[in-house]
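For reference, the structure discussed in these notes is given below.
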Amino acid sequence: MKVVFLCGAMEAGRDGVGDYVRRLSAELIRQGHHPAVVALNDRYIQDVFFEIQKTEGTIIPVLRIPENWSNKRRYGIANKFITDFGPEILSLQFVPYSFHVKGIPYHMLFGLKHILTEKRFKFHVMFHEMWLDTPVGVLQRITAIAQKMLVARLVKMLKPAIVNVSIPFNQIRLKKMGITSAILNLFGNIYKEGRMDVPLKTEWRKHIDGISLLYFGAPPKGRFLKELTDKLEAFCEVSRFSFTIFLACGRSGAKDRFVEELHVKLDVFGCEIVDCGFLEIDMISSLMTQCTAGISRSSANLLGKSGGTVAMLEHGLPVWMPKWDGSDKLGLGFREELIFADLNSAIATMKKHKYQPILEDVAKDFLKQFNSPQVT
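Per my numbering, the sequence shown runs over residues 73 to 448.
Here's what the structure looks like:
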């Protein structure tokens with residue numbers, strides 16, 4: 073089956089949805105299908121170009137169109153590529169901020185309408201994000217209203233054969249608008265590239281023998297920063313355990329504040345903070361394999377859209393969710409026995425689970441939807 077994915081950007085490691093599309097495309101190729109990708113609003117390039125991208129040993133054809141081009145030029149060249157490729161499925165991978173810096177890409181209505189003039193494929197929409205669910209202040213409330221209106225108009229105009237979301241929370245939000253959608257699970261954004269784990273840095277190895285925690289992703293801010301560091305401090309006070317926490321947060325002012333707050337709260341207990349900066353996928357995979365437990369930034373209702381948390385679970389790493397009190401249903405449907413509301417239980421989990429990637433199953437589920445006789 074021939075599939076064209078539409079997303080915002082395809083700069084490896086810089087755009088989460090682009091990385092998702094790259095891996096999904098590669099898996100579809102391994103299963104005997106023929107995908108291609110069009111990046112409609114790529115802010116990492118200055119001119120249009122076609123390239124072959126590679127992931128996990130598989131090459132994917134990609135057309136990248138720069139953000140600084142006019143809408144007419146961008147959608148015109150996209151339409152020509154799609155026509156020449158002749159897909160059976162055209163899949164829009166929607167995140168509002170991927171297509172517009174302020175998250176309100178109304179130009180898509182006009183650009184996609186141009187592509188739809190001679191509809192020759194089944195349209196698919198994957199809503200990775202839709203509209204702001206907890207807007208703060210007047211500006212965010214206005215943005216959320218505009219985003220919600222855009223979602224409604226996109227679905228009305230595109231008339232997609234299938235609408236997917238990754239979490240029940242977003243499925244319910246769409247249902248309230250009269251839009252039927254199905255869950256398509258997210259796979260992890262960190263994966264094993266070979267059979268053997270990459271050796272950890274020499275100075276890190278001594279920490280792995282004791283209790284070691286992994287924090288991966290954007291650094292905590294505001295209320296969550298205080299909540300997380302307070303709970304880590306409370307754990308040390310009660311348990312009298314010390315631990316090492318590995319931070320894979322990149323480099324930013326928010327990360328520096330996180331490190332500073334960890335030192336303030338944990339130095340007295342003899343805890344070690346290892347600031348890893350930016351790490352390659354294989355090194356993060358090794359940490360996920362060898363650490364005692366991971367820390368999830370997600371709340372219960374958004375768990376299924378956290379590629380980092382899913383990656384930890386795929387690696388068999390017990391996961392502590394500081395934002396979860398254990399009462400709300402998770403609804404993830406994958407290794408929930410490894411998810412804990414308290415850190416002590418996560419650390420106490422002794423059973424080691426094997427690496428179990430779910431990408432292959434997700435790719436099969438994606439295509440299986442279109443085989444139903446009801447889908448036209």
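We put the CB at the ideal spot given by N, CA and C, even for glycine.
Gln212: not part of any beta strand (DSSP E); member of the alpha helix (DSSP H) spanning 209-230, first to last residue. Relative to the Cα of Val89, the nearest Cα in the group Val227, Phe193, Ser238, Arg245 belongs to Ser238. Of the candidates Phe442, Ile356, Val120, Ile356 places its Cα closest to the Cα of Leu319. The three-state reading of DSSP puts Thr155 in helix, counting H, G and I together. For Arg136, the enclosing beta strand (DSSP E) begins and ends at 130-138. When secondary structure is reduced to three states using DSSP, Asn443 falls in the helix class. Counting only residues of its own chain and dropping the five nearest sequence neighbours on each side, Trp141 has no CB closer than 6 Å to any other CB. In this structure, the alpha-carbon of Ile214 lies about 12 Å from that of Thr206. Bounds of the alpha helix (DSSP H) holding Gln362 are 353-362. Pro107 counts as buried, since at least 16 other C-beta atoms from the protein chains shown sit within 10 angstroms of its C-beta.
Counting only runs of 3 or more residues that sit fully inside the region 252-317, the beta strand (DSSP E) segments are 284-288, in chain order. Leu181 is positioned such that its CB atom lies no closer than 8 Å to that of Leu78.
Annotation for Pro240: the continuous alpha helix (DSSP H) segment containing it runs 240-247. Under the three-state reduction of DSSP output, His196 falls in the strand class.
Short of 8 Å from the beta carbon of Cys363, and not among the five residues preceding or following it, lie these beta carbons of its own chain, in chain order: Ile280, Ser284, Leu285, Leu286, Phe318, Leu389. Considering only Phe121, Lys220, Ser371, Cys348, the residue with the shortest C-alpha distance to Phe296 is Ser371.
At a Cβ-Cβ threshold of 8 Å, Ala233 and Phe171 do not count as neighbours. Check the Cα spacing between Val167 and each of Leu256, Lys228, Gln219: the tightest is with Gln219.
In the structure shown, Ser142 falls within a coil segment according to DSSP collapsed to helix, strand and coil.
For Asp114, the beta-bridge partners assigned by DSSP are Pro138. Note: His106 is bridge-paired with Lys74 in the DSSP secondary-structure output.
For a cut-off of 8 Å, the C-beta gap from Gly129 to Asn261 is around 18 Å, too long to register as a contact. Looking at the DSSP output, Ser399 shares a beta bridge with no other residue.
In this structure, DSSP gives Ser170 a helical state, which the three-state scheme calls helix. Residue Trp203 holds the alpha-carbon nearest to the alpha-carbon of Ile176 among Leu188, Lys152, Trp203. Rounded to the nearest whole angstrom, the C-alpha separation of Pro429 and Phe259 is 7 Å. The count of Cβ pairs closer than 8 Å, one atom from the region 331-344 and one from the region 305-319, reaches three, so the stretches are in contact.
Beta-bridge analysis with DSSP links Ala383 to no other residue. The criterion of a C-beta distance shorter than 8 Å is satisfied by Val120 and Pro138. A check of alpha carbon separations from Arg146 across Ile251, Asp114, Ile244 identifies Asp114 as the nearest.
Selection Thr421, Ile419, Ala383 evaluated against Leu404 yields Ala383 as nearest (Cα-Cα).
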